[in-house]
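Mapping of the sequence shown onto my numbering: residues 3 to 599, in sequence order.
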Amino acid sequence: MTTPAGPLPRYAWYGRVSTEDEQDPTLSFPRQLQNAERQVAESGGRIVCHYYDIESGTRAYAARGSGGLAGFEIPIPRDGGLQELLADAARRPARFDRVIVESISRLSRNSSVAFRVEDELRQAGVRLCAADEPLEESFGTIVLRHVNIGIARGYHHELMVKSRQGQETSTRQGWHTGGVALYGYRFVTHDHPNPHKASRGINKRTLELDPVRAPVVRAIYDWYLGGGMGLLQIRDRLNAEPDRYPPPVPIDPTTARGAWSRSSVWEVLKNPKYTGYQVWNRRARKKGHNRTNPPEAWVWSEEPAHPAIVSREEYDAVSARAKANERSRQGVLATVARPTAKRDYLYRGLLRCGICGLRMWGNHRRQTTYYSCQPSHQRSKDIPADHPPHVYLNEQRLNDALLPFLATALFGPERTGYWRTCLEAAAEPERVAPAKERAEEIEAEITDLERRLARQLVNLEADDVTAALRRRVGQRVTELEDAIAERRERLVALARASATEAPTLADVAPLLDRLPILATSLDTAPQGELRALFDALQLDVVYQPGESVIDVAVTLYDRGSDTGEVAAQVGAEDWLAPPAGSHADGKLSDMRFRDEY
3 MTTPAGPLPR YAWYGRVSTE DEQDPTLSFP RQLQNAERQV AESGGRIVCH YYDIESGTRA
63 YAARGSGGLA GFEIPIPRDG GLQELLADAA RRPARFDRVI VESISRLSRN SSVAFRVEDE
123 LRQAGVRLCA ADEPLEESFG TIVLRHVNIG IARGYHHELM VKSRQGQETS TRQGWHTGGV
183 ALYGYRFVTH DHPNPHKASR GINKRTLELD PVRAPVVRAI YDWYLGGGMG LLQIRDRLNA
243 EPDRYPPPVP IDPTTARGAW SRSSVWEVLK NPKYTGYQVW NRRARKKGHN RTNPPEAWVW
303 SEEPAHPAIV SREEYDAVSA RAKANERSRQ GVLATVARPT AKRDYLYRGL LRCGICGLRM
363 WGNHRRQTTY YSCQPSHQRS KDIPADHPPH VYLNEQRLND ALLPFLATAL FGPERTGYWR
423 TCLEAAAEPE RVAPAKERAE EIEAEITDLE RRLARQLVNL EADDVTAALR RRVGQRVTEL
483 EDAIAERRER LVALARASAT EAPTLADVAP LLDRLPILAT SLDTAPQGEL RALFDALQLD
543 VVYQPGESVI DVAVTLYDRG SDTGEVAAQV GAEDWLAPPA GSHADGKLSD MRFRDEY
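Shown next as structure tokens:
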């Protein structure tokens, strides 16, 4: 080899591994670097710095250079990503004269990004080279560069089309198409139907019920549809006992909050996979910034693919209630939310039609206040075909039924006896995650963490460990020890909770004792005070016109703790014990109350 005259050219190497490929970055990056080093050495140059990212090559210029190295131990010193490479190229004195990639597709599969990067490097006096192209620029290499970029883009387009078709076919056949298991389920592994792939250990997966989390999903739907609870109430109830209602774990466990959020509750309620069908393309993840696609674009399996936790009717009912809630102006007076409003209605936003689930609105005519539901005035598409043209409920009749119930069950001197009857009548226990299975999961997590801790300790004993690596390993050891201690505390708490008895009157009585005796003053209280009381109880009323029945849901909070959060909640649903006096006028006589404590 002839040694070139003058100083040897200094190269910066750039590597990229796509997040869309199943490549191992710990193997791919060293291979890319080795190929680049071989080409540089043959030309008499040397590589002086290293830049690399783990990201899709189709991303826009502004989104490039994100790194994406979390969780990987790459055995190559890193000077930064693509953006740092461009910034260093513009600095003076220059750190390098040329940039080399294994192939132009490693820089980008987006032609506009590839040409922009090449142009920015050229303006900085730095040439862009590829190990699979001649290093010296000529007419032929310029044409070859454009051809290679076109091939990279065309290859990616064809790959995406075939990949999408494969995803659609796999979904229609009922197979899981990627990602973590849906909360409430766990994976079942099957031999791949292609014998060649099966021989290489490639499997297909479906879902089965998770005995710990599936009951939690069922409870969320029951509370939302049957219990009259909102997302925030459900969130607080779940977070009150995290080991009985374990929160979802995100794809990246390091970002886990360890608690339920309003959005995570809503993710459970709006996911159609709980109906037993496999569903794909619900979100535009690549080009739509993770927005939700219209339902007609979703791809459903042709048959149920896994055990259902909820029915299609229950899933549709969630959507119907959500649409109804969108139109309510909760939390503010009508005259504030709509300045042209002439009056405030006591049950505004609290009363729903039992036929369609939509909120009834107030009207006032001839000294009479009433609430109505008229399909012709509603925008929902899910109103039943047999819905009457008009549903009316007089406010006075509603007060005559509801206020005696509150006076007896919550604010009367005999409320303890009332709830003794109700608790004894509660036949169905609350669905919760089995404590034994949850404890086994936590123990398995501890075992896995201890295994990871042992590996880190082995790294510390290596002879060639550097000071920097020793600090990083030490930090990781501390993180693992903290995680183990935290799970052991949860295990103790779970064991303590499992040993407690079911709620009794003694659990409920302290909540009732914090309420004043108001039995004789509710019917004469000013409307503003009544509305404040209803809001504090989180009152929800559903009117069933065909039966002249109202379903009532209220919530009591124990705010005696220092945190001001819920300290105790006891639930019993669908109790049929009517309050005294509810049959006084023969109307709305068969009262059914559903009370949440």
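Idealized CB from N, CA, C, for every residue including glycine.
- Annotation: F117 is outside any beta strand (DSSP E); the continuous alpha helix (DSSP H) that includes it extends over S113 to Q125.
- Here P217 is buried, its C-beta having at least 16 other C-beta atoms within 10 Å.
- Annotation: P390 to R350 spans about 21 Å, alpha carbon to alpha carbon.
- Taking each of A89, W177, R215 and R399 in turn and checking the Cα distance to A307, the smallest one comes out for W177.
- Pairing A527 with E298, the inter-Cα distance amounts to about 51 Å.
- Secondary structure of Y420 (DSSP, three-state): helix.
- Taken through DSSP and simplified to helix, strand or coil, A495 comes out as helix.
- Around the beta carbon of P11, 16 or more other beta carbons lie within 10 angstroms, which makes this residue buried.
- A straight line joining the alpha-carbon of T371 with that of G364 spans about 7 Å.
- DSSP lists R188 as the bridge partner or partners of E210.
- Take V393, set aside five residues on each side of it, and the residues of its chain with a beta-carbon closer than 8 Å to its own are C355, I357, M362, S374, C375, Q376, Y545 and P547, in chain order.
- Here the alpha carbons of D99 and V301 stand approximately 51 Å from one another.
- By the neighbour-count criterion, in which 16 or more other beta carbons inside 10 Å mark a residue as buried, D525 falls on the exposed side.
- DSSP places R454 in the helix class (H, G or I) of the three-state scheme.
- A straight-line Cα-Cα distance of about 26 Å links V163 and G17.
- Taking the CA atoms as reference points, R284 sits about 24 Å from G232.
- Checking the DSSP bridge columns, you'll see V543 partnered with L353 and V554.
- With contact defined as three or more Cβ pairs closer than 8 Å, the region 158–175 and the region 128–136 are not in contact.
- Taking all protein chains shown into account, F413 has 16 or more neighbouring C-beta atoms within 10 Å of its C-beta and is therefore buried.
- For H366, the pairing in a beta bridge is given by DSSP as T371.
- Under the Cβ criterion (8 Å, minimum of three pairs), the region 274–281 does not count as touching the region 246–255.
- CA-CA distance, S263 to R202, rounds to 41 Å.
- The DSSP-derived three-state label of V50 is strand.
- Under the three-state reduction of DSSP output, W262 falls in the coil class, being neither helix nor strand.
- Assigned with DSSP and collapsed to three states, T522 falls in coil, not helix or strand.
- Within the DSSP secondary-structure output, G180 pairs in no beta bridge.
- V214 and E443 do touch by the CB rule: their CB atoms are close to 6 Å apart, below 8 Å.
- The secondary-structure analysis by DSSP pairs I102 across a beta bridge with W15 and C131.
- Cα atoms of Q25 and I236: separation of roughly 41 Å, rounded to the nearest angstrom.
- Within the same chain, I448, L451, E452 and L455 come within 8 Å of I486 by CB-CB distance, once the 5 residues on both sides are set aside.
- T294 has R285 as its beta-bridge partners, per DSSP.
- Excluding sequence positions up to five before and after Y317, its CB lies within less than 8 Å of the CB of P274, Y276 and T277, all in the same chain and listed in chain order.
- Going by DSSP, V393 is part of the beta strand (DSSP E) stretching over V393 to N396.
- Across the structure, G59 and A261 are spaced so that their CA atoms are roughly 35 Å apart.
- Around Q280, the same chain offers T173, G176, S303 and A307 as residues with beta carbons nearer than 6 Å, after the five sequence neighbours per side are excluded.
- Taking each of A508, T410 and V460 in turn and checking the Cα distance to P518, the smallest one comes out for T410.
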